[in-house]
Every structure is written in structure tokens, then in C-alpha cells.
Amino acid sequence: MEIAWLCVIKCRAAVAWEPSKPLVMEEIEVAPPQAHEIRIKIVATGVCHTDLYHLFEGKHKDGFPCVLGHEGAGIVESVGSEVTKFNPGDKVIPLFISQCGQCRFCKSPKTNLCEKGWYDVMSESDTRFTCKGKKVLQFMGTSTFSEYTVVNEIAVAKIHPSAPLDKVCLLGCGVATGYGAALNTAKVEPGSTCAVFGLGAVGLAAVMGCKNAGAKRIIAIDINPTKYEKAKVFGATEFVNPKDHNKPISQVLHEMTNGGVDFSLECVGSVAVMRSALESCVKGWGVSVLVGWTDMDDFAARPIQLIAGRTWKGSLFGGFKSKDGVPKLVNEYLEKKVKLDEFVTHNMTLAQVNDAIQLMQTGDCIRSVLSVALQ
Ligand code: NAD
Ligand code: ZN
0 MEIAWLCVIK CRAAVAWEPS KPLVMEEIEV APPQAHEIRI KIVATGVCHT DLYHLFEGKH
60 KDGFPCVLGH EGAGIVESVG SEVTKFNPGD KVIPLFISQC GQCRFCKSPK TNLCEKGWYD
120 VMSESDTRFT CKGKKVLQFM GTSTFSEYTV VNEIAVAKIH PSAPLDKVCL LGCGVATGYG
180 AALNTAKVEP GSTCAVFGLG AVGLAAVMGC KNAGAKRIIA IDINPTKYEK AKVFGATEFV
240 NPKDHNKPIS QVLHEMTNGG VDFSLECVGS VAVMRSALES CVKGWGVSVL VGWTDMDDFA
300 ARPIQLIAGR TWKGSLFGGF KSKDGVPKLV NEYLEKKVKL DEFVTHNMTL AQVNDAIQLM
360 QTGDCIRSVL SVALQ
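Just so you know, numbering that gives the first Met the number 0 puts 259 at position 260 of the sequence shown, and the rest follows in order with no gaps.
Here's what the structure looks like:
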């Protein structure tokens, strides 16, 4: 390995110094990768609602200063010792769920969790970022709002060399999450009736998953009607705005479907919507999947909902084992089986990250993709 690779890199990153404040473009120092680590030049990153959740809503007020961003794609800049499967120049997607391949979860086909996985922010001793003499935490172990980041090799997927990074970055979180929630977690069946609550990138990807699984009816639900045109592109057949009805949305869906939908997916992150999604399912066999993220409130439902045969489940990263799943999804995009371009409503630069955050807050985008470094 060239000695130059092992230098500290000074680069630009958007630092979240404290909760609910705009991100600040700063020069940060990125330490060299240690054993089993990979330093990645981030080329493009999406902005996901989970970044906003940490910044504005999360309980983890101590998770600052940090660099947000977990939906990125880039190129390996250098590798630490004992890394054998990656080389500088490889195109990669950093993963917020690891796949070590060795633990009891990785060895089980029943889950995509990994015992070594990182959630939320990495500890001060694990982060490789420093700014103005202070350790800056890595959000979800990835931190893609930075020109360079360092990730453990168990949390990096090597992808097809011809993949366009400004599109496949969306497979690092939102699109993989919603798509897999329909296919892997709900296991949507051909001919079924589905309801998707929330039509951001995650929900639209769930719509796409329902369609690719052969669902006959896909009812798309959002309080923002500007999302319906996009939902049609991904395969939605009907649209419901809860604001247009003065009765519970579950009742509206029961009336539309003769007793409830076969599958429902909550892609909002609201415990009230989670309950509605469950109650919208048909008794006997309806399956409802929690995809939206919140850890602020408990959820509630009447036990009869489950006693009567409904199933309530959750899905993290769409149930995909991350290192195995993401390269396959990239190939499916290249083979045109999975759409990505249609999710991108705004192309911006990393320096415009606060504008992208605002667009998501006001509901005026599906995904903004930020270009971070030139390829
Ligand atoms: P987004 O903000 O782009 O989309 C959310 C959508 O929900 C918006 O269109 C909004 O209008 C709609 N909405 C809000 N309240 C609603 C209501 N009461 N009824 C119906 N629709 C409503 O967000 P996103 O990036 O698509 O993320 C969606 C959720 O998924 C977030 O909670 C995010 O944290 C979560 N998420 C979970 C995982 C996971 O692994 N489980 C991964 C990524 C994101
Ligand atoms: Zn995300």
C-alpha cells in the first residue's frame, strides 16, 4: 500500500453541531482507515427522513456534533490492513446495517440484522472524524455528508463498476428499505390488495415492491396530494387523502376493499398511522409492516386485531442482508427491473444540504441527491 494513502485527509463536510440547527460546511480531518476499515470518497448522497429525525426529533441529544447522511455511494480511496476484498477505485455503497457473515444473525436466513451492526451514532473512539480539535460522530456508522468517510469493511457493499453513483446511492437506504419491506417482509402475493401509507421515497419504493410482486390493487395514501402523480409512476392504482374523509382511514379502506387490505405498509413514522395501517388490514390473514421510524412514543392497538388473525411486523432496511442484497439491487437497476431515476426530484451539491433538508420538511421533494465529490 502506498504510504500516501495513510495520511489524514482534510476535506469538506456538513457538520451538525447541535440539534435543530442548520448544518455547517466545515473542513474536517478524516483519519486513515485502521485494520478492516475502508476510506471512501463519497460521490453522491441522498437525504433521507431519518437524517431529519436525528437532527430535529430524535431523543439522542448527545449524538452531536455529528456528520449526518447514510444514503451515499462512492469510490474506495484506501484500505486499512487486513482488507482483502476491496481495492482503491472500487465503486461502493456504505451500509448502515453491517453483515459480518459470522454472527448468529448473519448465519440465519430469518433476519438481516448483524450482531456487529451500528445504529444511531458511532462512539467517540470509533469515529474517524475531527473538526476544530473536537471528535465529530459518524451518524449510522456511515456519514455520507462528507467528501470522505471511513467505514468498517463489514458495512460496505462493492457494486457493479458501471453503476451511476448519483442514482444507486438511493439503494443505501430509502429505496432498498421500502422495496424490501414489500417483497421480503410483507411478502406481498400476486393478485393481492395493498395499502401504502406515506409516499416519500420509502413509501414509493414500497409501492414499486407491491407492483413487482404482482399486487392487483395498490392504494396509495398521503396527506400531501402532490405525491399521487409519482405514486402512479411506481404502480399505485388508487389514491386516498385522509384529510378528505371525516371517518377513520381504516374504515374508508374497509369500505373500498370489502373488509380490508391483504397487506399494508406504514412508511410515515407515526404511531397513529401504524395503528391505522394495522386496522386497515383484513381479518384472518392481513399483514401490516412498520417501516417508518420513531422511538418517541409507544404504539397501541386492541388485542382483537391480532387475535383475529392479523400480523404486525417491522422491517429494517427492507429485510435485505446488506452486503449481499445491495449489489444485487444495483444489478436489478442496471437491468431496468428496479426504478431509481424517478425518485430523484432535485440534484444539488453538498453545500446546498440545508436547502435539501428544507425541501423534505415542506414535502416538496421525493429525493434530493447531493453531488459530493467529482468522480
Ligand atoms: P418523507 O418525509 O419523504 O415521506 C413521508 C411521507 O409521509 C410524506 O409524503 C408525508 O406527506 C407523508 N405523511 C405524513 N403524515 C402522514 C399521514 N398522517 N398519513 C399519510 N401520509 C403521511 O420520508 P422518507 O424518507 O420516505 O421516510 C419515511 C419513513 O421511513 C421515515 O420515518 C424514515 O425515518 C423511515 N425510514 C425507515 C427505515 C427502516 O429501515 N425501517 C429506513 C429509512 C427510512
Ligand atoms: Zn434512511
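Idealized CB from N, CA, C, for every residue including glycine. Predicted, not measured: the structure shown is a model, and the values here were computed from it.
DSSP three-state call for residue 34: helix, strand or coil? coil
Assign residue 5 to one of three DSSP states: helix, strand, or coil. helix
Three-way DSSP call (helix, strand, coil) for residue 321 in this model: helix
Any heavy atom of the ligand NAD closer than 7 Å to the CB of residue 18? no
Assigned secondary structure, residue 369 (DSSP; H/G/I helix, E/B strand, else coil): strand
Relative to the alpha-carbon of residue 24, which residue among 145, 232 and 164 has its alpha-carbon at the smallest distance? 145
Within its chain, find whatever has a CB closer than 7 Å to the CB of residue 342; leave out the 5 residues flanking it on each side and keep chain order. 169, 174, 200, 203, 365 and 366
Using only the alpha-carbon positions, how far apart do residue 42 and residue 227 sit? 31 Å
What residues in its chain sit with their C-beta under 7 Å from that of residue 47, if we drop five residues either side in the sequence? 69, 70, 172 and 173
Hey, how far is the Cα of residue 269 from the Cα of residue 221? 13 Å
For the candidate residues 159, 16, 19 and 106, whose alpha-carbon lies nearest to that of residue 327? 159
Classify residue 64 as buried or exposed, calling it buried when 16 or more other Cβ atoms lie within 10 Å of its own Cβ. buried
Give the residues whose C-beta lies closer than 5 Å to at least one heavy atom of the ligand ZN, in chain order. 47, 49 and 172
What do you reckon, are the CB atoms on residue 31 and residue 5 nearer than 8 Å? yes
My guess is that residue 26 and residue 11 are in contact by the Cβ rule of under 8 Å, so how many angstroms apart are they, rounded? 6 Å
What residue range is occupied by the uninterrupted beta strand (DSSP E) comprising residue 136? 133-137
Output the residue ranges of the alpha helix (DSSP H) runs that lie fully inside the region 132-201 and measure 4 residues or longer, sorted by chain position. 164-167 and 173-179
Looking only at its chain, what residues have a beta carbon closer than 7 Å to the beta carbon of residue 125, apart from the 5 residues adjacent to it on each side? none
Among 190, 282 and 360, nearest to residue 213 - alpha-carbon criterion: 190
What number of angstroms, rounded off, separates the C-alpha of residue 253 from the C-alpha of residue 285? 12 Å
Is residue 269 near the ligand GDP - that is, is its Cβ less than 7 Å away from at least one heavy atom of it? Ligands present in the displayed structure are limited to the ligand NAD and the ligand ZN, and the ligand GDP is not among them.
For residue 239 versus residue 248, is the C-beta distance shorter than 8 Å? yes
Contact under 8 Å by Cβ, residue 111 with residue 319: yes
Can you list, in chain order, the residues of its chain with a C-beta nearer than 8 Å to that of residue 52? Leave out the 5 residues immediately preceding and following it. 268, 292 and 293
Quick one: is residue 281 buried, meaning 16 or more other Cβ sit within 10 Å of its Cβ, or exposed? buried
Given the structure, does residue 221 come close to the ligand NAD, in the sense that its CB is under 7 Å from one of the ligand's heavy atoms? yes
What's the call for residue 127, buried or exposed, on a 16-neighbour Cβ count within 10 Å? buried
With a threshold of 7 Å, establish whether the CB of residue 311 neighbours any heavy atom of the ligand NAD. no
Would you mind sorting residue 93 into buried or exposed? The rule is 16 or more other CB atoms within 10 Å of its CB. buried
Do you know how far the Cα of residue 209 is from the Cα of residue 219? 11 Å
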